[in-house]
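Undergrad: The structure that follows is given in the form of structure tokens.
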Amino acid sequence: MIPPAFILVRPQMGENIGAAARAMLNFGLERMRIVAPRDGWPNSAAVALASGAGRVLDQAGLFPDVQAAIADCDFVFATTARGRELTKPIYTPEAAMDHARALVAAGKKVGVLFGPERAGLENEDVVLANAIVTVPVNPEFASLNLAQCVLLMGYEWRRQTVPAEAIVMEMARTEMASGIEVEKLGDHFEERLEAAGFFFPEAKVPGMKASLRNMWSRLGLTKAEVQTFHGMLRQIAYQLRKQGDL
């Protein structure tokens, strides 16, 4: 499976290229392509900002124009926040990466275009894409930094491709507290709070206790966490007894 190529079109600042490389590697993406960078290539500022993601820059392809950069792609997304006269399918980042995942699984090559910092992609760039990706941002301030946009798309790709089972399995290995264990913890807290005079005035006591019980059940505590709370309460009570306050 070949992940999407992230294609930076006419990037203006080496720092943003480096930050984009970091964002890509954060989410397991290493196929960067650079189209006609303003300050030339290689770029020392990009290397400095990459900070550990230098291999993304080392492997980056340099292209003279968008046509060359997407020549081997079967499907291309263009990221843009501006309205267009061009009639193309419009995706959110989530939907775009879901579609990209399906295309890649079918053996297709996918590219994602990111425009230059000052004004984004031009119509001449967008017309070469199969679809548009638009982030649902504040319409009064719709501009995203280049690296931020790369980060957002990279996150959605990673989220779509990392199996949910891995997260479920991790939770399954955590031993959660049973209902009775949480109930006993609630009893212990009520006991200590009663001794401290917390429940006052009398008319509000039932509601206060119900709120606390609701909180404990909502937290999703592990067995270890319940034992930690019990230990904390016992130690507080022990110290208060030593001081003669309990």
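So that you can map any letter, position 123 of the sequence shown is 258 in our numbering, and since no number is skipped, the others follow by simple counting. Glycine included, C-beta positions come from ideal geometry on N, C-alpha and C.
1. Only counting the same chain, and skipping five residues up and downstream in sequence, which positions put a Cβ closer than 8 Å to that of A345?
2. Specify the secondary structure class of L248 as computed by DSSP and reduced to three states.
3. Taking the alpha-carbon positions, what's the E325 to E310 distance?
4. Compute the Euclidean distance between the alpha carbons of A140 and H234, then round it to the nearest angstrom.
5. When you compare the region 197 to 204 with the region 166 to 174, are there three or more beta-carbon pairs, one atom per stretch, that lie closer than 8 Å?
6. Return helix, strand or coil for G314, following the three-state DSSP convention.
7. If I follow the unbroken beta strand (DSSP E) through T214, where does it start and stop?
8. List in chain order: all unbroken alpha helix (DSSP H) runs of 4+ residues lying wholly within the region 272 to 296.
9. L281: beta carbon under 7 Å from a heavy atom of the ligand PLP?
10. Check whether the Cβ atoms of A195 and G153 sit closer than 8 Å, and answer yes or no.
11. Using the rule of at least 16 other Cβ atoms within 10 Å of the residue's Cβ for burial, across every protein chain shown, is F333 buried or exposed?
12. What does DSSP give as the partner residues of R168 in its beta bridges?
13. For E252, which residues of its own chain have a beta-carbon under 8 Å away from its beta-carbon, when the five flanking residues on both sides are left out?
14. Assuming F212 contacts K243 (C-beta within less than 8 Å), just tell me the rounded distance between them.
15. At 4 residues or longer, what runs of the alpha helix (DSSP H) sit wholly inside the region 327 to 368?
16. Would a C-beta distance cut-off of 8 Å place V361 and L320 closer than the cut-off?
17. With three or more beta-carbon pairs closer than 8 Å as the criterion, would you say the region 223 to 233 touches the region 269 to 277?
18. Considering only residues of the same chain and omitting the five flanking positions on each side of F291, which have a CB-CB separation below 6 Å?
19. Give the DSSP bridge partners of A188, in chain order.
20. Taking 8 Å as the limit between beta carbons, can you name the residues of its chain near S179, skipping five residues before and five after?
21. Can you grab the Cα-Cα spacing for the pair V317 / N161, in whole Å?
22. Name the DSSP bridge partner or partners of I267?
23. From this set, V285, R353, A338, which residue's C-alpha is nearest G314's C-alpha?
24. In whole angstroms, what is the alpha-carbon distance linking T214 and M159?
TA: Based on what the coordinates show:
1. none
2. strand
3. 25 Å
4. 14 Å
5. yes
6. helix
7. 210 to 214
8. 281 to 296
9. This structure lacks the ligand PLP, and indeed carries no ligand of any kind.
10. no
11. exposed
12. I142, G196
13. P146, Q147, M148, N151, N280, L281
14. Not quite, the Cβ-Cβ distance comes to about 12 Å (not below 8 Å), so this is no contact.
15. 340 to 354
16. yes
17. yes
18. The sequence given here has Glu at residue 291, not Phe. Excluding sequence neighbours, E291 sits near P228, E229, M232.
19. Paired residues: none, contrary to the question.
20. G149
21. 38 Å
22. A213, I225
23. R353
24. 15 Å
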